[in-house]
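**Q**
Number of protein chains: 2
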Amino acid sequence: MRIGELAERAGTSARTLRYYESQGLVRPRRSANGYRMYDEAELRVVHEIRSLLAIGFGLDDIRPFVACLRAGHHSGDVCPDSVAVLRRKLAEVDDYLDRLGAVRRRLHDQLAHAIAQREETCLRTRRPAD
Amino acid sequence: MRIGELAERAGTSARTLRYYESQGLVRPRRSANGYRMYDEAELRVVHEIRSLLAIGFGLDDIRPFVACLRAGHHSGDVCPDSVAVLRRKLAEVDDYLDRLGAVRRRLHDQLAHAIAQREETCLRTRRPAD
DNA sequence: CTAAACCTTGTCGCCGACGTCAAGGCAACC
DNA sequence: GGTTGCCTTGACGTCGGCGACAAGGTTTAG
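In the order they appear, the protein sequences are chains U and E. Residue 1 is where the first sequence starts when you use our numbering, and the numbers rise one by one after that. Residue 1001 is where the second sequence starts when you use our numbering, and the numbers rise one by one after that.
#1: So, for ARG29 (chain U): in the same chain, excluding its five sequence neighbours on each side, which residues have a beta-carbon less than 7 Å away from its beta-carbon?
#2: In the DSSP assignment, find the unbroken alpha helix (DSSP H) run with ARG1002 (chain E) in it and report its ends.
#3: Mapping the DSSP letters down to three states, classify ASP130 (chain U) as helix, strand or coil.
#4: Return the bridge partner residues of ARG30 (chain U) from the DSSP annotation.
#5: For ASP94 (chain U), which residues in chain E fall below 9 Å Cβ to Cβ?
#6: Interface residues of chain U around LEU1100 (chain E) at Cβ under 9 Å?
#7: State yes or no: is the C-beta of ALA1077 (chain E) within less than 9 Å of the C-beta of ALA1067 (chain E)?
#8: Could you tell me which of U:SER31, U:LEU86, U:ALA102 and U:GLU48 sits nearest to LEU69 (chain U), measuring between CA atoms?
#9: Classify ALA7 (chain U): buried if its beta carbon has 16 or more other beta carbons within 10 angstroms, exposed otherwise.
#10: So is VAL66 (chain U) in contact with chain E if we call contact Cβ pairs under 9 Å?
#11: With a CB to CB cut of under 8 Å and the five nearest residues on each side skipped, what residues in its chain are close to GLU965 (chain E)?
#12: Cα separation between VAL1046 (chain E) and VAL85 (chain U)?
#13: For MET1001 (chain E) and ARG1063 (chain E), I'd like the C-alpha separation in whole angstroms.
#14: When you compare each of E:ALA1041, E:SER1075 and E:ARG1018 to ALA114 (chain U) by their alpha carbons, which one comes out closest?
#15: Please determine, among E:GLY1056, E:LEU1090 and E:LEU1025, the residue with the shortest C-alpha to C-alpha distance to ALA1041 (chain E).
#16: Assign GLN23 (chain U) to one of two classes, buried (16 or more other C-beta atoms within 10 Å of its C-beta) or exposed (fewer than that).
#17: Express the C-alpha separation of GLU92 (chain U) and TYR20 (chain U) in angstroms, rounding to a whole number.
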């Protein structure tokens, strides 16, 4: 299939597919007139890329998964390099969850404090000489 | 004080302070020779900015807090606009925590699956005709 | 006098995953 | 043969919070 069809079937754009190619992630054949030609396997590769991008991976992190698929494995995550990336990403996510949790607590406290202050000000305003 | 001293006291750079000024967050007076002159109140403003940036706010989100401080409040978060931003950010963080938690579960499952697959492959390799 | 250490404005660079033209070639249909 | 719609490469724009550099003015110390 040509780039337009692949883009539509993968739910993305032709520009995006050319970008993936420039990053070495997708490798289409070329037809006689220079058009990029993709097979079904490339569709699966693009799906893998999109799926991993969606959960916060960068293209560099995704490279091992694509290589794993291209090596003939039915899943992109069974190869050692992919597993290593998964472990690292899990650790990163855990770390980020911790920090985001701390941010949440701080936001919550700050909000509670601000509202308490506003109520106090309101009381003083309503009874200035209480 | 001049920009260099403020930068050092606020733990940042002169470039950063000029950038905040270009975004309308800091407003120094100018001395006769054109140098930016800051007072203590501006140091507190910069501290507020840095503190909020550190927990993931953008400069646009921070603007109401600075305005609140500049309006004479002892804390930047007691004004209605600031409270509104705090509420919105808390909601955003909660949302992000949810999605990140989902990502974590997915990563965890994917990792468990990949390892299970590898062990299975390993067993088949050690006992090809079992 | 000069060097050092400040300051000024202006401009370009960075990161990452693309969007968005521009200018042209190729294919198919009426 | 003209129009439409696909495709090609190339290059610049986006977002945010600055870093880094250039080319110059100011002030202070020796």
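Ideal Cβ placement from N, Cα and C applies to all residues, glycine included. Owing to the predicted nature of the structure, the values given are computational and were not obtained by experimental measurement.
**A** Quick look at the numbers:
#1: Here residue 29 (chain U) refers to the residue found at position 29 when the first sequence is read from its first residue. Contacts found: MET37.
#2: Residue numbering aside, residue 1002 (chain E) sits at position 2 when the second sequence is read from its first letter. Taken as a continuous stretch (DSSP letters only), ARG1002 (chain E) belongs to no alpha helix (DSSP H), as it is neither H nor E.
#3: Along the first sequence, one-based indexing puts residue 130 (chain U) at 130. Model confidence at ASP130 (chain U) stands at a pLDDT of 49, short of 50, so the residue's coordinates are unreliable and nothing is read from them.
#4: For the purposes of this step, residue 30 (chain U) is taken as the residue at position 30 of the first sequence. Answer is U:ARG36, bridged to ARG30 (chain U).
#5: Within the first sequence, the letter at position 94 stands for residue 94 (chain U). Neighbours of ASP94 (chain U) on chain E, chain order: ARG1104.
#6: Position 100 of the second sequence, counted from the start, is the residue given in the question as residue 1100 (chain E). Here the neighbours are GLY56, VAL93, TYR96, LEU97 and LEU100.
#7: In the second sequence, counting from the first residue as 1, residue 1077 (chain E) sits at position 77. In the second sequence, counting from the first residue as 1, residue 1067 (chain E) sits at position 67. Checking the sequence shown, residue 1077 (chain E) turns out to be Asp, not Ala. Not a contact, by the Cβ cut-off of 9 Å.
#8: Within the first sequence, numbered from 1, the residue matching residue 69 (chain U) stands at position 69. Nearest C-alpha to LEU69 (chain U): U:GLU48.
#9: Taking the first residue of the first sequence as position 1, residue 7 (chain U) is located at position 7. Classification for ALA7 (chain U): buried.
#10: Locating residue 66 (chain U) in the first sequence gives position 66, where the first residue counts as 1. Chain E, which has no Cβ nearer than 9 Å to the Cβ of VAL66 (chain U), makes this no.
#11: The requested residue 965 (chain E) does not occur in the structure, where chain E is confined to residues 1001 to 1130.
#12: Against the second sequence, residue 1046 (chain E) aligns to sequence position 46. Against the first sequence, residue 85 (chain U) aligns to sequence position 85. So the two alpha carbons sit approximately 39 Å from each other.
#13: Taking the first residue of the second sequence as position 1, residue 1001 (chain E) is located at position 1. Taking the first residue of the second sequence as position 1, residue 1063 (chain E) is located at position 63. When rounded, the distance between both Cα atoms is 23 Å.
#14: The count along the first sequence starts at 1 and reaches residue 114 (chain U) at position 114. Among E:ALA1041, E:SER1075 and E:ARG1018, the Cα nearest to that of ALA114 (chain U) belongs to E:SER1075.
#15: What you label residue 1041 (chain E) is simply residue 41 of the second sequence in a count that begins at 1. Minimum Cα distance to ALA1041 (chain E) is reached at E:LEU1025.
#16: Position 23 of the first sequence, counted from the start, is the residue given in the question as residue 23 (chain U). Result: exposed.
#17: Within the first sequence, numbered from 1, the residue matching residue 20 (chain U) stands at position 20. Within the first sequence, numbered from 1, the residue matching residue 92 (chain U) stands at position 92. Rounded to the nearest angstrom, the two C-alpha atoms are 24 Å apart.
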